[in-house]
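Numbering (this note's numbering), first residue to last: 43 to 196. We put the beta carbon where it would ideally sit given N, CA and C, even for glycine.
Below you can see the structure in the form of structure tokens.
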């Protein structure tokens, strides 16, 4: 089976069995792989060929290259289970090391400087984060039903 056929079959599977986000991510990555391997037999793709593509991708970031590696592993493993290909060329290929970054927590002075220049909804948003110490995801998911002005709480 050509790699283009394997990728198309996997994309159709992902569309039916995974989230829209996952499908969109896979589609984006598959387009990059197809630019290199579209007309190759899936079983002719070697570890070195994959490594070359991943090293190029790593120029953007190690996280991006690792994501491609995860999706490639899944694609070939899925193809093997379906009988579309006989080997997974990325078996044994390690992930690139990624330095974990500590989240920067703004100081009270940082927040005060933001509030000094913020206006309107931006001011209210920053003030809500500061006064509730809520996580950004929680703040962004709040609805007006969560605000009780008369009682004075969220």
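Identity of the residue in the options nearest residue i by Cα
i: residue 184; options: 171, 150, 161; result: 171
i: residue 131; options: 158, 94, 88, 160; result: 88
i: residue 60; options: 91, 116, 94, 46; result: 116
i: residue 153; options: 141, 140, 167; result: 167
Cα-Cα separation between residue i and residue j, rounded to whole angstroms
i: residue 77; j: residue 62; result: 23 Å
i: residue 122; j: residue 101; result: 30 Å
i: residue 189; j: residue 196; result: 5 Å
i: residue 143; j: residue 176; result: 21 Å
i: residue 80; j: residue 164; result: 47 Å
Beta-bridge pairing of residue i - partner residues as DSSP gives them
i: residue 195; result: 190
Beta-carbon contacts of residue i that lie in its chain and below 7 Å, excluding the five residues immediately before and after
i: residue 110; result: 71, 96, 99
Beta-carbon proximity list for residue i, same chain, < 8 Å, skipping 5 on both sides
i: residue 181; result: 167, 170, 171, 174
i: residue 140; result: 104, 105, 108
i: residue 119; result: 130
In chain order, which continuous runs of the beta strand (DSSP E) of length 3 or greater are located wholly inside the segment 105 to 137?
-> none
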